[in-house]
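According to UniProt numbering, the sequence shown is numbered sequentially starting from 1. One structure is given here, and the rest of the page talks about it.
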Amino acid sequence: WGCSNVASPTLYHCRKFEFNPKDGIDNPALSLAEDIDGETMGEPRFYLLSKGSTETFGFSLHEELGCQGHIIRQVELGGLAQRRGLQDGDRLLQVNGHFVDHIEHRRVVQKIKASGNQVLLAVLDGDSYEAAKALGRDLSQMLPADIRPRLCHITRDKSGFGFSVSGVKGTFQLSVRQDGPAERAGVPSGSWLLELNGHSVRNCSHTQLARKLKQSGSKVTLLVASSPVEEFYRLHGLQATAALADTSWLPFKARELHMVKGAAGYGFLLKEDDYGSGEVGQFLWDIDAGLPAEQAGMKEGDRVLAVNGESIEGLDHQETVLRIRAHKEQVTLLVIDPASDAFYRSIGLSPLLFLDGGDPALGSCTPSLPSPSDSPGFHHIDVGPKGPGSWLMAAANSITITQVNHFHHAALSLASPLPCALCDELLAQLCPCRAHAERSRGGCAMRSNSLEHPASSQDPTQHC
């Protein structure tokens with residue numbers, strides 16, 4: 001998933017409080033807290049990792065038995081993470097400006113994956129983290145309140161865009177007219193201009209910038225940073241980009257549609273089609289009036305981004321259909337309308353990148369596995385890609401699951417007994433397409449009038 005090529009089954013042990021009445025109370029965490037006071041406690045460190053499309057970030061992120069936090073492990077010697085300064089045992093506090101210490105581990109992994117080839121991490125060394133926890137410190141208070149630049153989309157009115165620019169080459173500050181288009185779009189007065197329509201202005205002269213603004217027509221997209229945010233990136237030697245932005249002011253949003261199948265199905269047509277630069281997507285058409293799809297807010301031309309909380313980017317049509325059918329009676333789709341889709345393509349970023357940390361659709365074709373606390377030996381799961389079209393998963397101390405060739409093969413290797421029901425659940429969640437195929441040999445059609453007709457794997461259109 002970009003942090004490591006192979007997930008490790010190694011189980012690391014942390015210091016843990018154990019009470020022995022003969023020895024009295026001896027809590028290593030409290031002892032550590034006594035040794036580290038507020039002045040000597042480490043400060044959060046920030047790293048902007050940028051990798052090539054064939055590289056990894058060079059570390060693994062672990063959740064470990066008896067430990068708190070998301071733990072940096074397996075920092076590759078000479079890898080990107082090590083070169084930037086990440087260390088084994090660091091605790092991850094922020095991903096792209098979002099505080100993640102309280103977020104479910106799987107969601108944090110998915111958030112890093114959704115970042116693509118660039119991610120901004122804030123970490124704290126392990127000793128300082130444990131001491132802060134023992135002292136009851138609020139870790140979020142150790143971090144800047146908001147370190148994200150802001151992405152704003154402005155539509156000009158009769159008087160213009162509502163802002164003026166001052167400065168010299170590469171350094172431009174904005175003055176914003178009160179209640180003008182720029183202010184309504186979220187541009188703070190006095191903010192610094194970083195990008196114009198997805199391109200850095202670092203090397204632009206004032207004349208070149210004015211020409212680019214004129215060529216923008218009636219709409220322009222700005223990446224801006226307030227003075228505190230600009231100072232943060234400058235002092236840390238980091239470059240703020242749109243991938244790190246706060247997009248809450250943008251009018252372009254993905255929508256979540258939850259549908260419960262009716263007697264006549266969901267009432268929509270799923271069709272595979274090309275969109276922008278030869279990429280292939282799954283689109284929604286032929287929406288039936290009065291059926292669940294229309295009632296949920298589905299619009300013709302919407303593109304599907306995720307099914308039941310898992311991204312479908314990179315999946316073909318048949319795999320997407322099988323994802324939809326994996327849950328027989330209901331489905332949740334994350335979709336985006338054509339205008340919003342075109343906007344994100346114009347700035348070269350995926351809309352999945354800007355979903356909130358708690359959103360269910362931050363994954364990238366990664367099966368969701370249960371981690372029941374009452375299952376002996378089932379303590380920890382790491383997920384990572386292992387070669388094209390395959391995944392390796394390791395659960396420390398008990399089970400190894402290897403999935404190959406886009407969900408068409410799954411093998412389980414047990415190091416300790418697990419209930420059959422749990423094994424079945426693991427296999428079903430690891431490979432929902434295969435599990436569903438075993439349960440039903442019928443077609444992929446999701447309208448009741450087509451249920452008896454098997455769907456061809458070559459058919460780029462499916463009724464739902």
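The beta carbon of each residue, even a glycine, is placed where N, CA and C say it ideally should be. Because the structure is a prediction, the values reported are computed rather than measured.
With fewer than 16 other Cβ atoms from the protein chains shown falling within 10 Å of its own Cβ, Gly-217 counts as exposed.
Take the alpha-carbon of Gln-173 and the one of Pro-144: they are about 22 Å apart. Counting the other CB atoms within 10 Å of its CB gives Val-280 a total below 16, which places it among the exposed residues.
Out of Gly-170, Val-165, Pro-181, Ser-350, the CA that lies nearest to the CA of Lys-253 is found in Ser-350. Secondary structure within the region 199-249: the beta strand (DSSP E) runs of 3 or more consecutive residues, fully enclosed, are 219-225 (chain order).
Residue state for Thr-332 is assigned as strand, using DSSP reduced to three classes. Rounded to the nearest whole angstrom, the C-alpha separation of Gln-94 and Val-100 is 5 Å. For Met-41, the closest of Gln-295, Gln-87, Leu-213, Met-142 by C-alpha to C-alpha distance is Met-142. Shortest Cα-Cα distance from Glu-231 to any of Asp-341, Lys-133, Leu-194 involves Leu-194. Where Ser-50 is concerned, the enclosing beta strand (DSSP E) starts and stops at 45-50. Checking the DSSP bridge columns, you'll see Glu-195 partnered with Ser-200, Leu-223.
When secondary structure is reduced to three states using DSSP, Leu-139 falls in the helix class.
When only Cα atoms are considered, His-105 and His-70 end up about 7 Å apart. Close CB contacts of Trp-285 within its chain, under the 6 Å cut and outside five residues either way in sequence, are with Leu-269, Lys-271, Glu-300 (chain order). If you ignore the 5 residues before and after Leu-334, its C-beta comes within less than 6 Å of the C-beta of Ala-254, Glu-256, Leu-305, Ala-306, Ala-361, all in its own chain and listed in chain order. For Cys-67, the closest of Asp-90, Leu-121, Leu-291 by C-alpha to C-alpha distance is Asp-90. Ser-340: member of the alpha helix (DSSP H) spanning 338-346, first to last residue. Between Ile-287 and Lys-219, the CB-CB gap reaches or exceeds 8 Å. Residue nearest to Phe-354 within the set Arg-73, Tyr-266, Leu-135, Val-119 is Val-119 (criterion: CA-CA distance).
With contacts defined as CB atoms closer than 8 Å, Gly-116 and Ala-243 qualify as a contacting pair.
The alpha carbon of Arg-345 has as its nearest neighbour, out of Leu-92, Gly-276, Ala-326, Arg-234, the alpha carbon of Gly-276.
Shown here, Gln-173 sits in a strand according to DSSP, grouped into three states. If you check the CB distance, Ser-191 and Val-224 come in under 8 Å. In the three-state DSSP reduction, Gln-295 falls in the helix class (H, G or I).
Counting only the Cα atoms, Asn-203 lies some 6 Å from Lys-169. The straight-line gap separating the alpha-carbon atoms of Met-259 and Asp-302 is approximately 15 Å. A direct Cα-Cα distance of roughly 8 Å separates Gly-265 from Leu-291.
The C-alpha of Tyr-47 is placed about 5 Å away from the C-alpha of Leu-121. Between the C-alpha atoms of Arg-83 and Ser-248 there is a straight-line separation of about 33 Å.
Here Ser-189 really is in contact with Val-176; their C-beta atoms are around 4 Å apart, less than 8 Å.
Assigned with DSSP and collapsed to three states, Glu-310 falls in strand. Ala-296 and Gln-330 have their C-alpha atoms roughly 12 Å apart.
Per DSSP, Gly-89 lies in no alpha helix (DSSP H) segment and is marked neither H nor E. Closest option to Asn-197, judged by alpha-carbon separation, among Gly-348, Leu-352, His-102: Gly-348.
Per DSSP, reduced to three states, the secondary structure at Tyr-275 is strand.
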